Amino acid sequence: MPIASLATEISSKTITLIAPSKTFNIAGLKASVAIITDSEIRKSFQQAMSGLVGWVNIFGIAAMKAAYTKCDAWLNELLIALDENRNYLYDRIETIPGLSMNKPQGTYLAWIKSSLDLGDQKPSDF
Numbered sequence: 000m001p002i003a004s005l006a007t008e009i010s011s012k013t014i015t016l017i018a019p020s021k022t023f024n025i026a027g028l029k030a031s032v033a034i035i036t037d038s039e040i041r042k043s044f045q046q047a048m049s050g051l052v053g054w055v056n057i058f059g060i061a062a063m064k065a066a067y068t069k070c071d072a073w074l075n076e077l078l079i080a081l082d083e084n085r086n087y088l089y090d091r092i093e094t095i096p097g098l099s100m101n102k103p104q105g106t107y108l109a110w111i112k113s114s115l116d117l118g119d120q121k122p123s124d125f
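Counting along the sequence shown from 1, when you hit position 31 you're at 30 in numbering that gives the first Met the number 0, and nothing is skipped either side.
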């Protein structure tokens, strides 16, 4: 949830940056959006980025528009698949003595804790 959505006083003092790059796997298209409700902050932002940031290419614009307007079903399926994969990994890790993990809540990354005493043995030999 963007912090700017909490209150008008907050949104008037913040810049919200969003991009479909990670969610929709289109990072190479370099498409993003800056949401700036305050006109003075927007003007300062535009001046600061002038000459520093390139423009989004036409493919990036088309992909971003499609991602945000036509991909809800795909995104829901992706979230279900990621949830299932996370649960599968968690269930398997919990059955291996010496390994544990906290179930991720805000990411799909899993950090596995190892309390194995491998001595001189290489972890890859485990």
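Using N, Cα and C, we set each Cβ at its ideal position, and we do this for glycine too. All values reported here derive from a predicted model rather than from experimental measurement.
Have a look at residue i and residue j and give me their C-alpha separation to the nearest angstrom.
{"i": "Glu39", "j": "Lys64", "result": "27 Å"}
{"i": "Lys21", "j": "Thr68", "result": "16 Å"}
{"i": "Gly118", "j": "Trp110", "result": "22 Å"}
{"i": "Ile25", "j": "Lys121", "result": "37 Å"}
{"i": "Phe23", "j": "Arg91", "result": "28 Å"}
{"i": "Ala80", "j": "Pro1", "result": "25 Å"}
So residue i is in the beta strand (DSSP E); what residue range does that whole segment cover?
{"i": "Ser10", "result": "Element bounds for Ser10: not the beta strand (DSSP E) but the alpha helix (DSSP H), 7-10."}
Would residue i and residue j be called neighbours here (beta carbons separated by less than 8 Å)?
{"i": "Ile14", "j": "Ala33", "result": "yes"}
{"i": "Ala85", "j": "Lys102", "result": "Checking the displayed sequence, the identity of residue 85 turns out to be Arg instead of Ala. Contact flag set, yes."}
{"i": "Ala66", "j": "Pro96", "result": "no"}
{"i": "Ser31", "j": "Leu16", "result": "yes"}
Spell out the partners DSSP gives residue i in its beta bridges.
{"i": "Ile17", "result": "Val32"}
Nearest by alpha-carbon distance to residue i: which of the options is it?
{"i": "Gly105", "options": "Ser10, Ala62, Asp82", "result": "Asp82"}
{"i": "Ser114", "options": "Asp124, Leu108, Ser123, Ser99", "result": "Ser99"}
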